[in-house]
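Enquirer: In this note's numbering, the protein residues as written are 4 to 319.
For every residue, glycine included, the Cβ atom is placed at its ideal position computed from N, Cα and C.
Got a structure for you, questions after.
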């Protein structure tokens with residue numbers, strides 16, 4: 004088994020539980036990947052490892068019920084369609100070797116993709132997406148990566164660890180199935196040095212500061228992204244302004260706002276095919292009135308609502 008039931012009994016968005024990925028029968032699959040590749044022993048079980056279950060527990064604030072009308076999507080979440088959602092619990096950590104956890108996470112996402120479901124992943128720190136990016140190879144399609152983040156995440160390694168939270172986009176750039184990369188919301192400073200900035204430019208990554216989004220509008224940013232493509236959306240909570248998502252370890256002022264994120268999510272669904280998404284770097288103990296986990300859930304809710312209305316899930 005690569006997954007275990009969530010330690011809380013609630014599932015995300017009132018979905019059905021699934022504890023065996025080999026028998027997964029769903030259009031949408033939620034999966035928690037709480038543990039990443041830590042840089043030191045103190046970060047093995049970080050505050051962010053509690054993020055997946057905190058988002059689940061906010062379900063009744065994300066949406067009051069699947070039969071309730073929602074103005075963001077213009078109706079109920081599933082719009083009367085027979086769309087099946089499953090919560091596959093959390094990938095179990097490993098007491099001595101994080102590589103085993105990372106491999107289990109990759110295999111879990113591969114099984115979700117093989118089952119024909121859209122993976123929606125709850126992190127964990129920002130090393131969480133690395134096994135997801137690897138698993139996307141399963142689809143045999145070129146993928147445009149859309150990253151929302153305050154930080155560049157192009158470090159080659161830190162403390163000898165090459166799959167840590169500062170390296171996911173560098174690792175993505177090395178994968179043959181990952182094509183163009185759009186990094187939206189950049190601002191302030193993080194782990195990147197000038198050499199990482201230059202490496203991103205050399206790759207051809209589209210570096211879009213948050214100030215550019217505020218000045219031009221998210222619709223203008225969407226216009227730069229090719230139409231008719233396959234997109235994967237990876238969201239770091241610190242890509243948002245801390246007034247929206249305060250429960251992050253590295254808050255940076257001037258981040259993206261809720262209406263801009265809805266424009267992006269709905270716009271991507273209309274432009275082509277969103278293959279899945281993750282949201283990471285939420286530290287629930289730092290949250291205020293659960294704003295961060297509710298916002299995270301609302302991004303997921305809007306992706307599903309938009310995808311349902313775009314007839315993504317038209318199989319029985």
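With H, G and I counted as helix, E and B as strand and the rest as coil, what does DSSP make of residue 164?
Expert: Three-state DSSP puts residue 164 in a strand.
Enquirer: Please determine, among 296, 312, 307, the residue with the shortest C-alpha to C-alpha distance to residue 63.
Expert: Closest option to residue 63, Cα to Cα, is 296.
Enquirer: Given this structure, state the Cα-to-Cα distance separating residue 10 from residue 127, to the nearest angstrom.
Expert: Annotation note: pLDDT 45 at residue 10 (below 50); position unreliable, coordinate value reported separately. If you take the alpha carbons of residue 10 and residue 127, they lie about 15 Å apart.
Enquirer: On the criterion of 16 or more Cβ atoms from any shown chain inside 10 Å, does residue 71 qualify as buried, or is it exposed?
Expert: Residue 71 should be labelled exposed.
Enquirer: Do you know how far the Cα of residue 192 is from the Cα of residue 223?
Expert: Approximately 25 Å, taken between the alpha carbons.
Enquirer: What is the rounded straight-line gap between the Cα of residue 300 and the Cα of residue 65?
Expert: Whole-angstrom Cα-Cα distance: 6 Å.
Enquirer: DSSP three-state label for residue 183, please.
Expert: Correct three-state label for residue 183: strand.
Enquirer: Less than 6 Å between C-beta atoms, sequence neighbours within five positions excluded: which residues of the same chain meet that for residue 37?
Expert: Closer than 6 Å at Cβ, skipping near neighbours: 52, 55, 93, 127.
Enquirer: Measuring alpha carbon to alpha carbon, tell me which of 314, 154, 315, 309 ends up nearest residue 73.
Expert: Taking only the C-alpha atoms, the option nearest residue 73 is 309.
Enquirer: Do residue 19 and residue 316 have their CB atoms nearer than 8 Å?
Expert: No, the pair does not count as a contact, with Cβ atoms beyond the cut-off.
Enquirer: Are there 16 or more other CB atoms within 10 angstroms of the CB of residue 196, so buried, or fewer, so exposed?
Expert: When all chains shown are included, residue 196 counts as exposed.
Enquirer: I need the DSSP call for residue 12, collapsed to helix, strand or coil.
Expert: At residue 12 the pLDDT is 43, less than 50, meaning the model places this residue with poor confidence; the figure from the coordinates comes in the next sentence. Coil at residue 12, not helix or strand.
Enquirer: In three-state terms, what does DSSP make of residue 239?
Expert: In this structure, residue 239 counts as strand in the three-state DSSP scheme.
Enquirer: Taking one C-beta from the segment 201 to 211 and one from the segment 124 to 143 each time, how about it: are there three or more such pairs within less than 8 Å?
Expert: Contact fails: fewer than three Cβ-Cβ distances are below 8 Å.
Enquirer: For the pair the segment 216 to 231 and the segment 117 to 125, tell me if three or more CB-CB distances fall below 8 Å.
Expert: Contact between the segment 216 to 231 and the segment 117 to 125 is absent, because fewer than three Cβ pairs lie under 8 Å.
Enquirer: Please report the distance separating the alpha-carbon of residue 188 from that of residue 177.
Expert: C-alpha separation (whole angstroms): 22 Å.
Enquirer: Less than 8 Å between the beta carbons of residue 114 and residue 24, yes or no?
Expert: Contact: yes.
Enquirer: May I ask which residues mark the beginning and end of the beta strand (DSSP E) holding residue 83?
Expert: Here residue 83 belongs to no beta strand (DSSP E), and DSSP marks it neither H nor E.
Enquirer: Ordered along the chain, which non-local residues of its own chain (more than five positions away) have a Cβ less than 7 Å from that of residue 246?
Expert: Cβ neighbours of residue 246 beyond the five flanking positions: none.
Enquirer: Could you name the residues of the same chain whose beta carbon sits closer than 6 Å to that of residue 221, not counting the 5 residues immediately before and after it, in chain order?
Expert: Excluding sequence neighbours, residue 221 sits near 263, 266, 267.
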